[in-house]
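Chemist: Protein sequences appear in the order of chains V, W and F.
Numbering of the first sequence is given in the working numbering, commencing with residue 15 and proceeding in unit increments.
Numbering of the second sequence is given in the working numbering, commencing with residue 148 and proceeding in unit increments.
Numbering of the third sequence is given in the working numbering, commencing with residue 504 and proceeding in unit increments.
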Amino acid sequence: MRNALLALSGLLAAPLAGSLLIGLDRILTARLQSRIGPPVLQPIFDVVKLFGKERVVVNAWQAFSAYAYLAAVAVAVVLFFIRSDLLVIFLIQAVGTVFIVVGALASASPFSQVGGYRELLQSLACEPLLVLVIAGIYLETGSFAITAVDRWPQPLMVRLPLLFISLLFVMAVKLRKSPFDFAACRHAHQELVGGVLTDYSGPFLALIEVGHWFETVLMLGICSLFWADNWAAMLALAGAAYLTMVWLDNVTARMNWRLLFGYAWLLGLPLALINLFWLYRG
Amino acid sequence: MRIWAKFIGYARFKSPWLLHFDCGSCNGCDIEILACLTPVYDLERFGIVNVGNPLHADVLLVSGTVNPRNRIVLENLFNQMPAPKVVVAIGACGLSGGIFRGAYNVVGGIDRVIPVDVYVPGCPPRPEAIIDGVRLGLEKLRTGGVTLDSKDGPIGATKENHPCSRTN
Amino acid sequence: MHFQRVKPVRTTEIIVAILILWPLAAAILCYLVRSDRLRNKLVPVTGVLLTTAALLLSIHIPFSFGLEPSAEKVIDVLILSIDILLLGVILFIGLRHRHRLIPILAILQLVLIGFNEFYPVPTPRVNPIVHCDALSLLLVLIVSIVGSVICVQALAYMKTHEAHLQLSASRQHRFFAVMLLFLAAMNGLVLADKLSYLYFFFEITTICSYLLIAHDATPAAITNALRALWINSFGGLALVAAVLWFARFHGINAFQQFKADDFRSAVWLLPLAFMCLAGFVKAAQFPFQSWLLGAMVAPTPVSALLHSSTMVKAGVYLVLRVAPFFQDTFLGLCVALFGAFAFLAAAALALGQRNGKRVLAYSTISNLGLMFACAGFGTPMALTAAVILLLFHAVTKALLFLCVGAIEQGIDSRDIEDMRGLYTRMPLTALITVAGVIFMIMPPFGLLVGKWMALEAAARNLAALLMLALGSALTVMYWARWAGTLMSDPLDGRFRPESQPVLTWGALGILSFGIVALSTAVPWLYGALLQAAAGDVPAYSVHNGAMENPTGIFSVFPLCLAAGFGFILALGAVRHARQARIVSPYMCGAQQPEPGVFTGPMNQPVKSEAGNYYFAFLFGEERLTGWINAGALLLLTLLIGGTLR
């Protein structure tokens, strides 16, 4: 019963929180560029408008991909709220990425195709990092279940600081933040038009937007596990991480995939490994 | 149900995404359009984002005179936009063909090819005028269904019925 | 040991006899009576019989039985003489094709066996000779059911295949005889407890593999068949060395006599390492992978049956069988590292491939590597992961191979780029292939349950964990890319399945349905069979359809329910979306009516191309294979040398 309530609250609260966060992000970004920026509810207006648009499809299977993506990330968030297994959550959110890519590749547009491959490259770069982060949490707490993190007497941050930095890499990629936003971009338009999202349109694009809200909350949730002592610290840590992302988004330029791999695998992986090595020895 | 429809109408009003297409203008109008996106005018206040992709766009801004070659592109882009959508013609050339009107190699104003909802005159129009034009278009978007649904058949002038069309 | 009276024949003995002797008899019949009609009946009948027998067997496990001394003696002599005959045949093949290594390897095995016969050491008589526990049963079920499905589908495949080749005389009698013989040998291999019998069946599978790869008799087929023969002979040599070592130095000639406490010194661990080596060769691990890649020239049912779902599993079976004995030793650690390395390396090589069958081959090597890694960790959790992977990989890979076979016959190509937009040409096959890909990389399907367990089991080993994490990411990339490519064009008009033989649809349907059903039933299967197959200690407890232990929890039933619900919802969305307005993909407005074509210079149509990222400069075979083989050789040296401490 408790789990059902938690799951329901996750399903309702996560998209709301995600949309407001993205709204805040847009305002902050605007202020950093000395603009006023859109209202905080702008992401919700965008999505409602998209739901109200004509259904236009390039390939009917894109509808399948969009729904499957949303379902996958929603299930991942629900599992997070009922404090299930982190590795399972990781595997399920990866399903979402795969479906977005399959949907993008289901269109003959070169923009969409190249966007799809880039999305795959992004996940190739950051998923090993996420696995290592999760393994680090396991080594510290002795379990992959989030309940173990809740029970853990001291903040994970104390023993896993480098893994937290690796997690920030993953977060930048998952939140489509510059400099790692080369598969699709939220601001202005880029050399790939809409990248992986080019040929999703109307309601299907709306589904993907909602999925992105879920994903944002999921990533911040994983972030907050690093200081799970009390609610204030969790919120503060997640908020700080998100602010870092917004800041990073505004001060960096887009990379190409070689640089992404350079940063993720030559900087992120060693950092994670060093931290894991402490844990093995410690 | 009506509340939901109203909400969608409001959301349409609050979140117009632009597609800007240059039908061979002298770039005067284009510079002014892009100036609207700068911090000085900050179009994002109105939720406006330049998406550059007809599949995502609600508002089509067109500048310049249509010629036989790019009219196909214009039609294609318009057809790819999901309804409801609004077309805003920018500048003298987009309105009527401007100084090129009647030339052997141009078709004329945008409305010879696709239906236009808002005309923004000027050579080039000021950013304020463009913003005002888009806002006028949004009023039409809110109620929805102003522009013909592209399911309803050929739109505006077609290759067959236009004297200036390409005939190869 | 003790004298046995003449006893009534038991059910288990009859079932085992059916499992081994019936396909053998059917094979002989197939070879002698060259009639299509007979074959078209005999193969399905064999399939049904084997399936029934395998299912019946599951009621009786665990059991073991021996034979009367006189009968066993006769069989021993028979098997020994066939062994020598087989090695003679291998020698002959090697000499006829002027191959340098095959004769040497065959002669070495002959010398070892001959030496053992001329200078025998007294060993205790083996009783039982057949032992069937849950692990054997799992393999028997895979061989008998998946194998039968593939053999029956091959009836349809080979007809088209021979029509393509325009042969003057059909050679199908030979093909099916070998396929059925192979089923018999596999069943024998997993049921035999006596090591010399194991070796005998091992050799038969080698010969079967050779015959089937060489079946089309093209120069490429012969070359690759010879390569498979010499490499597998090397595995045979390692196995015969291990078997004789155990017999001569320890007086052991059956698995049941192994005791975990003995395996603490080099004299015990070295033959065990040789056995693992034989397993690695059979499972085409690096640096022995080249035979499996070459084997892809064979007709697709062969690839599906021998080279992905069953024969290569014999290697895993062998290692899993001895896994309890190298637990917590340096050998175990080396096996784990070796397997994890193969998992990563094969995934990287698969990423650089655009030949569909080679991608499947590398993916097979990769998954087998993961199973070896799990066997090496040796914890109850890891062993559970290994058996789950074993089961689901067999079924899923069989499905994917049959799909690729059907595609190849449809479009005359194995190139992934040629499969672009296959959905418009072969919609149903394309969809089933995509489903197969989904079964490979997505939870809640069985392979991912296995991978989840493997990752959780590996988390205590930093090097292995890193390799598994990188390998999994690469795996997702090459599969997702393929699935997307298949769907890359929209279908105009109504969905109409293309025409395929009923047998092909039947096989694809049974396998897909089987994967879904088995995946949903994982918690139940775990209680009924898999837990026993993985060892004595239960690694997980099952609550409300969730597999859980203190390390983690995977809610299989709820997630399957969610996946099913999501699938129906998404399918409904597709039906709905089919009524939506279809627009052309975004091509800067210059698109033409045909998909993927835009108006180029001089108003000429230009086909847009966005080639898959294959990273040939990074993951190409030429670039990586040498390094990977070197790395694998180092690990193997470490593995064998490490036992000598």
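Virtual Cβ for every residue (Gly too), placed ideally from N, Cα, C.
(1) Quick one: does Ser991(F) have its CB under 7 Å from some CB of chain V?
(2) Output the residue ranges of the beta strand (DSSP E) runs that lie fully inside the region 1062-1104 of chain F and measure 3 residues or longer, sorted by chain position.
(3) Where does Val235(W) fall in DSSP's three states?
(4) So which residues of chain V does Val1077(F) contact, with C-beta pairs closer than 8 Å?
(5) Secondary structure at Asp1039(F), three-state DSSP: helix, strand or coil?
(6) Name, going along the chain, the residues of the region 201-232 of chain V whose beta-carbon falls closer than 7 Å to a beta-carbon of chain W.
(7) Ser567(F) by DSSP, collapsed to three states: which one?
(8) Given that a residue counts as buried once 16 or more other Cβ atoms are within 10 Å of its Cβ, and exposed if not, what is Tyr294(V)?
(9) Taking Ala1093(F) as the query, report the chain W residues whose CB atoms sit under 9 Å from its CB, ordered along the chain.
(10) Check each residue of the region 154-179 of chain W: if its Cβ is closer than 7 Å to any Cβ of chain V, include it; give the result in chain order.
(11) Considering only their Cβ atoms, is the gap separating Leu208(W) from Ile237(W) smaller than 7 Å?
(12) In chain order, what residues of the same chain have a beta carbon less than 7 Å from the beta carbon of Ala74(V), not counting five sequence neighbours either side?
(13) Can you tell which of Lys63(V), Ala18(V), Val115(V) has its C-alpha closest to the C-alpha of Phe95(V)?
(14) Quick one: any contact between the region 577-594 of chain F and the region 605-615 of chain F, if contact means 3 or more CB pairs under 8 Å?
(15) With C-beta atoms as the reference, is Gly974(F) less than 7 Å away from Ala826(F)?
(16) So, do the region 550-557 of chain F and the region 700-711 of chain F have three or more beta carbon pairs nearer to each other than 8 Å?
(17) Would you say the region 838-856 of chain F touches the region 975-983 of chain F, given that touching needs at least three Cβ pairs under 8 Å?
(18) Going along the chain, which unbroken runs of the alpha helix (DSSP H) with 4 or more residues stay wholly within the region 620-645 of chain F?
(19) Mapping DSSP to helix, strand and coil, what is Asp213(V)?
(20) Would you call the region 860-871 of chain F and the region 780-796 of chain F in contact, with 3 or more CB pairs under 8 Å?
(21) Taking a Cβ distance cut-off of 8 Å, strictly less, list which residues of the region 177-192 of chain V are near chain W, in chain order.
(22) Whose Cβ in chain F lies nearer than 9 Å to the Cβ of Asp99(V)?
(23) So, with DSSP's three-state summary, where would you put Ala1049(F)?
(24) Do the region 993-1006 of chain F and the region 596-606 of chain F meet, that is, are 3 or more Cβ pairs less than 8 Å apart?
(25) How about Asn226(W): is its C-beta nearer than 7 Å to some C-beta of chain V?
(26) Could you check the C-alpha separation between Met228(W) and Ile36(V) for me, to the nearest Å?
(27) Report buried or exposed for Arg603(F), applying the criterion of at least 16 other Cβ atoms within 10 angstroms of its Cβ.
(28) At which residues does the beta strand (DSSP E) containing Lys762(F) begin and terminate?
(29) Got a sec: is the Cβ-Cβ distance from Leu202(W) to anything in chain F below 7 Å?
(30) Would you list the residues sitting across from Phe1057(F) in a DSSP beta bridge?
(31) Would a C-beta distance cut-off of 7 Å place Val163(V) and Ala242(V) closer than the cut-off?
(32) Spell out the partners DSSP gives Lys697(F) in its beta bridges.
(33) By the criterion of Cβ-Cβ separation under 7 Å, what are the contact partners of Ile1131(F) in chain V?
(34) Using a Cβ cut-off of 7 Å (strictly closer), state whether Leu295(W) contacts chain V.
(35) Could I get the ranges of all uninterrupted alpha helix (DSSP H) runs contained in the region 69-100 of chain V, with 4 residues as the minimum, in chain order?
(36) Would you report the Cα separation of Val109(V) and Val937(F), rounded to the nearest angstrom?
Modeler: Concretely, from the data shown:
(1) Start at 1 with the first residue of the third sequence, and residue 991(F) comes out as number 488. Yes, because at least one Cβ of chain V sits closer than 7 Å to the Cβ of Ser991(F).
(2) You should have 1100-1102.
(3) For the purposes of this step, residue 235(W) is taken as the residue at position 88 of the second sequence. Reduced to three states, the DSSP call for Val235(W) is strand.
(4) Counting from one through the third sequence, the residue named residue 1077(F) turns up at place 574. Think of a sphere of 8 Å around the beta carbon of Val1077(F): the chain V residues whose beta carbon falls inside it are Ala74, Trp75, Ala77, Phe78, in chain order.
(5) Translated into positions along the third sequence, residue 1039(F) becomes position 536. In the structure shown, Asp1039(F) sits in coil (DSSP, three-state: anything other than H, G, I, E or B).
(6) From the region 201-232 of chain V, only Ala202, His203, Val207, Gly208, Thr212, Asp213, Ser215, Gly216, Leu219 have a Cβ closer than 7 Å to chain W.
(7) To locate residue 567(F), count along the third sequence from 1; it is residue 64. Under the three-state reduction of DSSP output, Ser567(F) falls in the strand class.
(8) Taking the first residue of the first sequence as position 1, residue 294(V) is located at position 280. Answer is exposed; the Cβ neighbour count stays below 16.
(9) Your numbering for residue 1093(F) matches position 590 in the third sequence. Those within 9 Å of Ala1093(F) in chain W are Ile219, Val220, Asn223.
(10) With the criterion set as a beta carbon lying under 7 Å from some beta carbon of chain V, the members of the region 154-179 of chain W are Phe154, Ile155, Ala158, Arg159, Lys161, Ser162, in sequence order.
(11) On the second sequence, position 90 is the one that residue 237(W) refers to. On the second sequence, position 61 is the one that residue 208(W) refers to. Here Ile237(W) is near Leu208(W), since their CB atoms are less than 7 Å apart.
(12) Position 60 of the first sequence, counting from 1, holds the residue named residue 74(V). A distance below 7 Å between beta-carbons, with the five flanking residues on each side excluded, links Ala74(V) to no residue of its chain.
(13) Within the first sequence, numbered from 1, the residue matching residue 95(V) stands at position 81. When each option's Cα is compared against that of Phe95(V), the closest is Ala18(V).
(14) Touching, yes, given that three or more Cβ pairs across the two stretches are closer than 8 Å.
(15) Position 471 of the third sequence, counted from the start, is the residue given in the question as residue 974(F). Position 323 of the third sequence, counted from the start, is the residue given in the question as residue 826(F). One thing to note: Gly974(F) has its Cβ no nearer than 7 Å to the Cβ of Ala826(F).
(16) Too few Cβ pairs lie closer than 8 Å, so no.
(17) Cβ pair count under 8 Å is three or more, so yes.
(18) The qualifying runs are 637-644.
(19) Stepping through the first sequence from its first residue, residue 213(V) is reached at position 199. Looking at Asp213(V) - three-state DSSP - the assignment turns out to be coil, as it is neither helix nor strand.
(20) The region 860-871 of chain F makes contact with the region 780-796 of chain F: 3 or more CB pairs, one atom from each, lie closer than 8 Å.
(21) Taking 8 Å as the cut-off between beta carbons, none of the residues of the region 177-192 of chain V comes near chain W.
(22) Residue mapping note: residue 99(V) aligns to position 85 of the first sequence, counting from 1. Listed along the chain, the chain F residues whose CB falls inside 9 Å of the CB of Asp99(V) are Trp955, Glu959, Glu1051, Thr1054, Gly1055, Ile1056, Phe1057, Ser1058.
(23) Position 546 of the third sequence, counted from the start, is the residue given in the question as residue 1049(F). Of the three classes helix, strand and coil, the one that applies to Ala1049(F) here is strand, per DSSP.
(24) Counting C-beta pairs with one atom in each stretch, the region 993-1006 of chain F and the region 596-606 of chain F have fewer than three that are closer than 8 Å, which means they do not touch.
(25) Locating residue 226(W) in the second sequence gives position 79, where the first residue counts as 1. The beta-carbon of Asn226(W) is placed no less than 7 Å from the nearest beta-carbon of chain V.
(26) Position 81 of the second sequence holds residue 228(W). Position 22 of the first sequence holds residue 36(V). If I take the Cα positions, the gap works out to 26 Å.
(27) Along the third sequence, one-based indexing puts residue 603(F) at 100. Label assigned to Arg603(F): exposed.
(28) Sequence index remark: in the third sequence, residue 762(F) carries index 259 (1-based). For Lys762(F), there is no enclosing beta strand (DSSP E), since its DSSP letter is neither H nor E.
(29) Taking the first residue of the second sequence as 1, we reach residue 202(W) at position 55. Judged by the 7 Å Cβ criterion, Leu202(W) is in contact with chain F.
(30) Within the third sequence, residue 1057(F) is the residue found at index 554, counting from 1. DSSP, once it has assigned bridges, lists Met1050(F) as partnering Phe1057(F).
(31) The count along the first sequence starts at 1 and reaches residue 163(V) at position 149. The count along the first sequence starts at 1 and reaches residue 242(V) at position 228. With a cutoff of 7 Å on beta-carbon distance, Val163(V) and Ala242(V) are scored as near each other.
(32) Stepping through the third sequence from its first residue, residue 697(F) is reached at position 194. Ala757(F), per the DSSP bridge assignment.
(33) The residue you call residue 1131(F) lines up with position 628 of the third sequence. In chain order: nothing, as chain V lies at least about 18 Å away.
(34) Sequence index remark: in the second sequence, residue 295(W) carries index 148 (1-based). For Leu295(W), the predicted structure reports a pLDDT of 44, less than 50, and the residue's modelled location is therefore unreliable. A value from the coordinates is still provided. No, its Cβ sits nowhere closer than 7 Å to a Cβ of chain V.
(35) Within the region 69-100 of chain V, complete alpha helix (DSSP H) segments of at least 4 residues are found at 75-95, given in chain order.
(36) Counted from its first residue, the first sequence places residue 109(V) at position 95. Counted from its first residue, the third sequence places residue 937(F) at position 434. In this structure, the straight-line span from the alpha carbon of Val109(V) to that of Val937(F) is close to 14 Å.
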